[in-house]
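Report on one structure; see the data block that follows.
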Amino acid sequence: MHYEPARLHRGYANRILNVDLGKGSIAIQDLDPQVRDYFIGGRSLGLYLLHKATTAATKPLDPQNPLILANGPLGGIPQFPGTAKAMAVSLSPTTGVPGVSNFGGYFGAYLKYAGFDALQVTGKSDQPVLIVVNGYTNEVTVEKVAADDEAFHVQADVENRFVAAGYQRRNIAFMSTGIGAANTNYGCINSHYFDITKPAKDGGKGVWRSKQAGRTGIGSVMRDKNVLAIVVLANYPQGENPYGAADWSKVQNAGSRLHKVVKEVDPQQLKMARKGSVGLITFMSKHEYQSLPVHNFQGGSDPRAVQICGKHYAENLFEHRGMDGCFPGCNLQCNKGGWVTLVSGTHAGQKVWVDGPEYETAAGFGSNLGIWSAEFIMEANWHCDNYGIDTISTATIMAFIMECFQRGYLTVADSDGLRMVWGNEEAAFAFMHQLAHGDTELARMAGQGMVALKRWVAERYQKRTGKDPVADLKLFAMQTKGLPFSFYRTHRSLSMQGSYAAASDIGAHHAAAWLIKSDLLGAFPTFEDKARALMSYPRVRLGNDNLGVCKLPWVDVFNPDSAKRAEGDVYINPASQEIYADFYNGVLGTDLRWEEIFERTDRDINLQRVMNVMRYGEDTIAQDWIPDRAIGPTEDALYESEQEYNDAELKRMLGLDDLQLAALSTTDKRTSLMDARKKELRKLIQVYYQERGWSEKGIPKVDTLKGLGLWDHLTSETREQLVAYN
Numbered sequence: 004m005h006y007e008p009a010r011l012h013r014g015y016a017n018r019i020l021n022v023d024l025g026k027g028s029i030a031i032q033d034l035d036p037q038v039r040d041y042f043i044g045g046r047s048l049g050l051y052l053l054h055k056a057t058t059a060a061t062k063p064l065d066p067q068n069p070l071i072l073a074n075g076p077l078g079g080i081p082q083f084p085g086t087a088k089a090m091a092v093s094l095s096p097t098t099g100v101p102g103v104s105n106f107g108g109y110f111g112a113y114l115k116y117a118g119f120d121a122l123q124v125t126g127k128s129d130q131p132v133l134i135v136v137n138g139y140t141n142e143v144t145v146e147k148v149a150a151d152d153e154a155f156h157v158q159a160d161v162e163n164r165f166v167a168a169g170y171q172r173r174n175i176a177f178m179s180t181g182i183g184a185a186n187t188n189y190g191c192i193n194s195h196y197f198d199i200t201k202p203a204k205d206g207g208k209g210v211w212r213s214k215q216a217g218r219t220g221i222g223s224v225m226r227d228k229n230v231l232a233i234v235v236l237a238n239y240p241q242g243e244n245p246y247g248a249a250d251w252s253k254v255q256n257a258g259s260r261l262h263k264v265v266k267e268v269d270p271q272q273l274k275m276a277r278k279g280s281v282g283l284i285t286f287m288s289k290h291e292y293q294s295l296p297v298h299n300f301q302g303g304s305d306p307r308a309v310q311i312c313g314k315h316y317a318e319n320l321f322e323h324r325g326m327d328g329c330f331p332g333c334n335l336q337c338n339k340g341g342w343v344t345l346v347s348g349t350h351a352g353q354k355v356w357v358d359g360p361e362y363e364t365a366a367g368f369g370s371n372l373g374i375w376s377a378e379f380i381m382e383a384n385w386h387c388d389n390y391g392i393d394t395i396s397t398a399t400i401m402a403f404i405m406e407c408f409q410r411g412y413l414t415v416a417d418s419d420g421l422r423m424v425w426g427n428e429e430a431a432f433a434f435m436h437q438l439a440h441g442d443t444e445l446a447r448m449a450g451q452g453m454v455a456l457k458r459w460v461a462e463r464y465q466k467r468t469g470k471d472p473v474a475d476l477k478l479f480a481m482q483t484k485g486l487p488f489s490f491y492r493t494h495r496s497l498s499m500q501g502s503y504a505a506a507s508d509i510g511a512h513h514a515a516a517w518l519i520k521s522d523l524l525g526a527f528p529t530f531e532d533k534a535r536a537l538m539s540y541p542r543v544r545l546g547n548d549n550l551g552v553c554k555l556p557w558v559d560v561f562n563p564d565s566a567k568r569a570e571g572d573v574y575i576n577p578a579s580q581e582i583y584a585d586f587y588n589g590v591l592g593t594d595l596r597w598e599e600i601f602e603r604t605d606r607d608i609n610l611q612r613v614m615n616v617m618r619y620g621e622d623t624i625a626q627d628w629i630p631d632r633a634i635g636p637t638e639d640a641l642y643e644s645e646q647e648y649n650d651a652e653l654k655r656m657l658g659l660d661d662l663q664l665a666a667l668s669t670t671d672k673r674t675s676l677m678d679a680r681k682k683e684l685r686k687l688i689q690v691y692y693q694e695r696g697w698s699e700k701g702i703p704k705v706d707t708l709k710g711l712g713l714w715d716h717l718t719s720e721t722r723e724q725l726v727a728y729n
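Take the sequence shown: its letter number 687 is residue 690 in this note's numbering, and every next letter is one higher.
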């Protein structure tokens, strides 16, 4: 299909591209200005399109469930640091409720340059296809291709196809997935782009790099639709004010100011340009924080963490030559990677480029599996990307299996001979390959996610022993709403417990409210402070997802001017927020304070909650909870391993003196501590509901939705159900 090129106006192309694979149709619709101005873009626009395309009866793998890729109005503007972000949105095969995942690379920007604010793919193809959006010829095509199980095979095929057609690698961006997305419900999507600055394996210049839309299994939706890759060919807009900003000089000034902060501060603070996000390992593993998950969140610190920390990667594995921004113009340069030689699988002996690991992958395949090898982590990272499976979900599920071995709930008879025990690198690699291909019963059940796997383990154990282990397994099956945990041990952060339980409606992920670091540093000393943080931080973090900007130049580069503020939460980095506000106002032609900009995120936060309610109904509140392991010690030995801290907490929470404490057994102390923490978490969740304007069951009130202006954007089916629940 041919289309007319679009001129960008205030950051928008003002068009949505719709591809229906079932009908074989391609259509373009104008982006309604009322919808655009209300839902902004990215995650917000994606959720709106998802809501309109589905009903309460729609299942994640139904043809009508759309795969949506959406950019934001500030995305793709290289004059400001960190404008690479776009969003993947769909009903999640992992959870059944809306799934969202942000990703970097060039795809979101190139989609905008080619003329579209969002791409919506519905239906299913009867054979593998490429979707191609050509911003040079202004064509959209769906092209049949041969089946391929590996994302990096697809990468080579895409490269060969379009380079042979005369396009430069740097003008090609695409999304792919692999066979693992077909055999699990937590498939990821790779966002590929060509980095012309990085040294290549043969001594030349240029490597293909990839970022991931990893969480909530949206790659499984893509694979189910038989889409091997979605390709965009585009070049940067040219001329003065090429993005149609209302005030181009204001945009340029804001970018210069944040560039200056990043340049001056990062080398003195986190050194992201050297260590990437894996530098966080050291902080989380500090003895006083105990927040790095070890052995499926049983422990929180380990002296071997230095073997997988940012300093180790920076000095031994990361390739620092070239540029490490995941989009031009970002001087944070935190997108680290390096070359490793594979030791497992069909590619054993091959030297490959690995993007990463990020903190989550390093903690997941490292400390949480009891594996203290940086090379193992990088190889695991590569295999997951190649197979198209989420590293976080894969590692959390593997840790659950290893703990089941530790406690005797699984044996080698259940795993086709694999000894899935802590630290066993060979077995861990073997299981990853089995998981991606669905080779064994254990691998196939693990591919169905934590809830199904927990049920299968319980049935096997009960059949073997006659005992029902369900209650015990529930303690350490680390998931919320079906989504496996990302890697923060939350015993010492009530705020983060509340984030996982209630503020993150996609499940146990940190994107909505990553509060743990600020909480550990003392940012939220009172209960009221913690409750306010559950409101304010998601507004900013998810608001960035709407705008198309990366969180890291804000959250990981603390502006010294913020420390000078006498009022407000300095940890939210208000001085940098004001720079983001200038960027926003410069592009969109508004005059809003940063607080006003991000308060608008309440619209899509409520829309996501409404869509969750359509799935869960009055059971919504029951989904807003976390496993006991995320709350505190689940057995006496774990209490005693941190006894000094736990005793002090028990005294504080229950008002006990030393004699009263000494009179209690470890079991009594542990159960009292757990009861007190659960009571505190329930209270926090209820305060969060009240602040949001939701009922005590976590259901948005009609008056709240009308006050936000969201009511009129809801489908009639949704409004009827909400009236009934209210």
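Glycine is no exception: its CB is placed at the ideal position from the N, C-alpha and C atoms.
Euclidean distance between Cα positions of residue i and residue j
{"i": "G635", "j": "F300", "result": "10 Å"}
{"i": "L3", "j": "R632", "result": "The structure shown does not extend to residue 3, since the chain is modelled only from 4 through 729, so no value can be given for it."}
{"i": "T721", "j": "W697", "result": "16 Å"}
{"i": "H440", "j": "K466", "result": "27 Å"}
{"i": "R173", "j": "R39", "result": "30 Å"}
{"i": "S95", "j": "M178", "result": "18 Å"}
{"i": "G247", "j": "E652", "result": "55 Å"}
{"i": "L320", "j": "A625", "result": "44 Å"}
{"i": "S418", "j": "E444", "result": "8 Å"}
{"i": "R13", "j": "L261", "result": "21 Å"}
{"i": "G99", "j": "R618", "result": "8 Å"}
{"i": "M381", "j": "D305", "result": "20 Å"}
{"i": "P101", "j": "V124", "result": "16 Å"}
{"i": "T97", "j": "A365", "result": "22 Å"}
{"i": "D508", "j": "A232", "result": "28 Å"}
{"i": "R535", "j": "E694", "result": "8 Å"}
{"i": "A578", "j": "L550", "result": "19 Å"}
Residue i, DSSP secondary structure in three states
{"i": "L2", "result": "Residue 2 is absent from the structure shown; the chain starts at 4 and stops at 729."}
{"i": "W697", "result": "strand"}
{"i": "A505", "result": "helix"}
{"i": "L659", "result": "coil"}
{"i": "T718", "result": "coil"}
{"i": "Y15", "result": "strand"}
{"i": "R212", "result": "strand"}
{"i": "L713", "result": "coil"}
{"i": "G367", "result": "helix"}
{"i": "G282", "result": "helix"}
{"i": "F106", "result": "strand"}
{"i": "V357", "result": "strand"}
{"i": "N729", "result": "coil"}
{"i": "F432", "result": "helix"}
{"i": "A89", "result": "strand"}
{"i": "G571", "result": "coil"}
Expected contact under 8 Å - CB spacing of residue i and residue j to nearest Å
{"i": "V265", "j": "P84", "result": "6 Å"}
{"i": "Q32", "j": "N21", "result": "6 Å"}
{"i": "A449", "j": "I404", "result": "7 Å"}
{"i": "T669", "j": "E643", "result": "6 Å"}
{"i": "N389", "j": "A154", "result": "5 Å"}
Endpoints, the beta strand (DSSP E) within which residue i is located
{"i": "I80", "result": "Premise fails: I80 is in no beta strand (DSSP E) and is neither H nor E."}
{"i": "L236", "result": "230-236"}
{"i": "Y196", "result": "192-202"}
{"i": "E621", "result": "Per DSSP, E621 belongs to no beta strand (DSSP E) and is neither H nor E."}
{"i": "V124", "result": "121-125"}
{"i": "G340", "result": "340-344"}
{"i": "N2", "result": "Here the chain has residues from 4 to 729 only, and residue 2 is not among them."}
Residue range of the unbroken alpha helix (DSSP H) whose run includes residue i
{"i": "R447", "result": "444-450"}
{"i": "A59", "result": "A59 -> no alpha helix (DSSP H), and no H or E assigned at all."}
{"i": "T394", "result": "394-409"}
{"i": "Q32", "result": "From DSSP, Q32 is part of no alpha helix (DSSP H) but of the beta strand (DSSP E) over 28-33."}
{"i": "A584", "result": "577-591"}
Three Cβ pairs or more, each shorter than 8 Å: is that satisfied between the region 584-596 and the region 76-83? yes
State whether the region 287-304 contacts the region 362-372, with contact taken as three or more CB pairs (one from each stretch) at a distance under 8 Å.
Between the region 287-304 and the region 362-372, the count of C-beta pairs closer than 8 Å reaches three or more; the two stretches touch.
Subject >> Meets three-Cβ-pair contact criterion under 8 Å: the region 60-67 and the region 308-328 >> reply: no
For the pair the region 70-77 and the region 105-121, tell me if three or more CB-CB distances fall below 8 Å. yes
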